[in-house]
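Using this note's numbering, the letters of the first sequence map in sequence onto residues 118 to 607.
C-beta atoms are modelled at their ideal positions from N, C-alpha and C, and glycine is treated no differently.
This one's a predicted model, so the numbers in the text were calculated from it and none came from an experiment.
First the structure, in the form of structure tokens, and then the observations on it.
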Amino acid sequence: MTVRVRFAPSPTGFLHVGGARTALFNWLYARHEEGVFLLRIEDTDRARSSPELTQAILEGLDWLGMSVDEGPVFQADGVERHRRHALELLDRGAAYRCFCSTEELKARREEAQRVGSGFGYDGRCGRLAAEDALRRAEDGEPFALRVRIPQEDIGWDDLVHGPTSFPVGSVDDFVVLRSDGTPVYNLAVVSDDVEARITHVIRGDDHISNTPKQIVIYRALGFELPTFGHVPLILGSDGKRLSKRHGAMSVLAYREEGYLPSGMRNFLALLGWSPGDDREVFDDPDLIEAFRIERVLKKSAVFDLEKLAWLNGQHIAAASAADLRVLVLDSLQATAASEGHALADSHPTIASESERLLAVIDLVKTRPRTIPLLVAQVSPFFAHEVDYEQAAVDRFWKDASDAAQILRAVLVDLNGLGDWDEASIESVIRGLAARMEIGAGRVINPLRLALMGQGVSPGIFEVVELMERDRVAARIDSALGFLDAKASVE
RNA sequence: GCCCCCAUCGUCCAACGGUUAGGACACCACUCUUUCAAGGUGGAGAUAGGAGUUCGAUUCUCCUUGGGGGCACCA
Numbered sequence: 118m119t120v121r122v123r124f125a126p127s128p129t130g131f132l133h134v135g136g137a138r139t140a141l142f143n144w145l146y147a148r149h150e151e152g153v154f155l156l157r158i159e160d161t162d163r164a165r166s167s168p169e170l171t172q173a174i175l176e177g178l179d180w181l182g183m184s185v186d187e188g189p190v191f192q193a194d195g196v197e198r199h200r201r202h203a204l205e206l207l208d209r210g211a212a213y214r215c216f217c218s219t220e221e222l223k224a225r226r227e228e229a230q231r232v233g234s235g236f237g238y239d240g241r242c243g244r245l246a247a248e249d250a251l252r253r254a255e256d257g258e259p260f261a262l263r264v265r266i267p268q269e270d271i272g273w274d275d276l277v278h279g280p281t282s283f284p285v286g287s288v289d290d291f292v293v294l295r296s297d298g299t300p301v302y303n304l305a306v307v308s309d310d311v312e313a314r315i316t317h318v319i320r321g322d323d324h325i326s327n328t329p330k331q332i333v334i335y336r337a338l339g340f341e342l343p344t345f346g347h348v349p350l351i352l353g354s355d356g357k358r359l360s361k362r363h364g365a366m367s368v369l370a371y372r373e374e375g376y377l378p379s380g381m382r383n384f385l386a387l388l389g390w391s392p393g394d395d396r397e398v399f400d401d402p403d404l405i406e407a408f409r410i411e412r413v414l415k416k417s418a419v420f421d422l423e424k425l426a427w428l429n430g431q432h433i434a435a436a437s438a439a440d441l442r443v444l445v446l447d448s449l450q451a452t453a454a455s456e457g458h459a460l461a462d463s464h465p466t467i468a469s470e471s472e473r474l475l476a477v478i479d480l481v482k483t484r485p486r487t488i489p490l491l492v493a494q495v496s497p498f499f500a501h502e503v504d505y506e507q508a509a510v511d512r513f514w515k516d517a518s519d520a521a522q523i524l525r526a527v528l529v530d531l532n533g534l535g536d537w538d539e540a541s542i543e544s545v546i547r548g549l550a551a552r553m554e555i556g557a558g559r560v561i562n563p564l565r566l567a568l569m570g571q572g573v574s575p576g577i578f579e580v581v582e583l584m585e586r587d588r589v590a591a592r593i594d595s596a597l598g599f600l601d602a603k604a605s606v607e
């Protein structure tokens, strides 16, 4: 039998990190088992749901590369079937009419709370004589349908928790059909999962206490139980449930911040799961191959942005220059647009020099952990001009006239250079340092700042080579202008 | 109040009932040197507490503590 799993978010918010990981576990399991991954939007809470949020969830899944095999199907489309199933529960005697009003129930719950006893429904309408209940219904008295919980323990063998059970009496009779005739969540879920022939229900830990209720419905309706697996939640850095104050919740925010989908996926997969050995950096095929739902941990994990950043850096370093180029160009384009000019104004040749762009990306991609940081390393190789990072200026151009003197010498020697290649450039720079009787770093660091506008870059000789003769000369020239101005102020 | 779930370094993960309790992120040194947000080497850092089972518990059982989830005519 082919495995069929589903991810069933309600569109009352964007796709958040916790939901994304639940989706990921479902998706990985489906891919590993060569099964089907279905998406169901649980939109029966009309007031809180919106098409925009549904769209945002779809976009989040799409960004993370979790391809949906079936759906999205909408829970609201199944209301008639849900109602049929609820009525069938009544026919089969598994549910009864409950005439208690919401006000009564609320009052009783408050009283119970005050006295300190259980909050649950006491099952009183379940003890009504059948003919009385029927007569009251026929007289037009409003009623809800409530499932009668059997007097026995309810348990199942959970994929991640193992044998799990709820003792007799710990689950209350619950409503499946409201007095206005609309079905309630626990019924809808079962009906939909049966309809979609779901074989494995993999969902968040927070549904554990819904499971016995749903099992009762499955049994009462004569449906075969799926296998349940409850995966742990993700916590914030303080060990509390993830919320806005822990930073970005929406996975799409991570796209905006420059994380790669593969890095995010890798990171999320490692939250609560490991392959059992020391591997941590995975590409997609490896992840799918290695994933075992049985190895998912029972305890909840804390979301660690630092590790995500590191992992993302690993993915950037491993990505092809061609793939990264698209992201770099998009980013630069967006910046140009936001500043109100064309990309060609700030980076005149970046579109035409595609070979050089690829070479630059390959040169710099080992360092940055996010796309903006990658862009910051790529940009100077094509930029019309660079801004100088203050911290680097303070450190490497502390003495402006000294730095200017060194850069002038560099410019002269570089201009006299015949072959423009890394080795020749290195010998010129080192030769200059030796002649000036200073350490090579005294030349290299000010030069790096002049060329890159920042204190970080790959090895300087490669940078000089790839930046090319004219641009290097222009950069040094601009730097000299800056330094002369700085020196005159000092 | 009741029910359920969980518990190894700060964090994420390892460890057939027998290991000097391992790896990764972060941190701290050192190193390469030419910068670090890259590489290399090293360091510090954990089995929540208490009983029990066992020749031997991180591992099995129970209790305590702590944390999480749930107890709707929400999903």
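Check, Outcome
"Rounded to a whole number of angstroms, what is the C-alpha to C-alpha distance between Ile433 and Ile577?", "21 angstroms"
"How long is the line joining the alpha carbons of Glu205 and His347, rounded to whole angstroms?", "28 angstroms"
"Based on DSSP bridge pairs, tell me the residues matched to Trp273.", "Thr281"
"Return the chain-ordered list of same chain residues with a C-beta closer than 6 angstroms to the C-beta of Phe408, the five sequence neighbours on each side being excluded.", "Leu145 and His149"
"Is the beta carbon of Gly152 closer than 9 angstroms to that of Val122?", "yes"
"Should the segment 472–486 be regarded as contacting the segment 421–441, the criterion being three or more beta carbon pairs within less than 8 angstroms?", "yes"
"Might you give, ordered along the chain, the residues of its own chain that have their beta carbon closer than 7 angstroms to the beta carbon of Gln617, omitting 5 neighbours on each side?", "Since the first residue shown for the chain is 118 and the last is 607, residue 617 is missing from the structure and cannot be characterised."
"In this structure, does DSSP put Pro349 in helix, strand or coil?", "coil"
"Between the Cα of Val292 and those of Ala261, Val277 and Pro280, spot the shortest distance and give me the residue it belongs to.", "Ala261"
"Mind checking whether the beta-carbon of Glu258 lies closer than 8 angstroms to any heavy atom of the ligand NAP?", "What this structure holds is no ligand at all, so the ligand NAP is not there to describe."
"For the candidate residues Gly389, Arg486 and Ala193, whose alpha-carbon lies nearest to that of Arg412?", "Gly389"
"Is the separation between the beta-carbon of Gly177 and that of Phe131 shorter than 9 angstroms?", "yes"
"Below 8 angstroms, how does it come out for the segment 444–452 and the segment 335–346: are there three or more Cβ pairs, yes or no?", "no"
"Please list, in chain order, all residues of the same chain as Phe115 whose beta carbon is under 8 angstroms from its beta carbon, the five residues on each side excluded.", "The question about residue 115 has no answer here: the residues shown for the chain are numbered 118 through 607."
"Hey, which unbroken runs of the alpha helix (DSSP H) at 4 residues or more fall wholly within the segment 400–485?", "401–407, 422–435, 438–455, 460–463 and 471–481"
"Cα-Cα, which of Arg295, Thr299, Ala567 and Val288 is closest to Ile325?", "Val288"
"Rounded to whole angstroms, what's the CA-CA distance from Gly243 to Arg200? Just pull it up for me.", "20 angstroms"
"Roughly how many whole angstroms lie between the Cα atoms of Leu359 and Asp323?", "13 angstroms"
"Using C-beta distances below 6 angstroms, list every residue in its chain close to Gly353, excluding the 5 sequence neighbours before and after it, in chain order.", "Leu359 and His363"
"In the DSSP assignment, what residue or residues form a beta bridge with Phe124?", "Leu156"
"Pairing CB atoms from the segment 567–575 with CB atoms from the segment 509–519, are three or more of them under 8 angstroms?", "yes"
"Do Val419 and Ile351 have their beta-carbon atoms positioned less than 9 angstroms apart in this structure?", "yes"
"Any contact of the segment 310–318 with the segment 162–179, i.e. 3+ C-beta pairs under 8 angstroms?", "no"
"Using the C-alpha atoms, what's the distance from Ile488 back to Leu444?", "7 angstroms"
"Please report the residue range of the alpha helix (DSSP H) in which Gly598 lies.", "Arg586 to Val606"
"Rounded to the nearest angstrom, how far is the Cβ of Pro563 from that of Leu524, given a contact under 8 angstroms?", "6 angstroms"
"Note down, one range per segment and in chain order, each alpha helix (DSSP H) of at least 4 residues found wholly within the segment 199–241.", "219–232"
"Please determine, among Gly237, Asp395, Glu258 and Pro343, the residue with the shortest C-alpha to C-alpha distance to Asp275.", "Pro343"
"In angstroms, rounded to a whole number, what distance separates the CA positions of Tyr505 and Lys603?", "12 angstroms"
"Nearest to Glu258 by CA position, among Leu600, Gln268, Ser296 and Lys223, is which residue?", "Ser296"
"Would you mind sorting Gly558 into buried or exposed? The rule is 16 or more other CB atoms within 10 Å of its CB.", "exposed"
"For Val264, list the residues DSSP reports as bridge partners.", "Ala212 and Phe291"
"Within the same chain, show all residues whose beta-carbon is closer than 6 angstroms to that of Ser282, passing over the 5 residues directly before and after it, in chain order.", "Asp270 and Gly272"
"Within its chain, find whatever has a CB closer than 8 angstroms to the CB of Val301; leave out the 5 residues flanking it on each side and keep chain order.", "Phe291, Val292, Val293, Leu294 and Arg295"
"Hey, is the segment 493–503 in contact with the segment 517–531, meaning 3+ C-beta pairs nearer than 8 angstroms?", "no"
"How would you call Glu228, buried or exposed, if buried means at least 16 neighbouring beta carbons within 10 angstroms?", "exposed"
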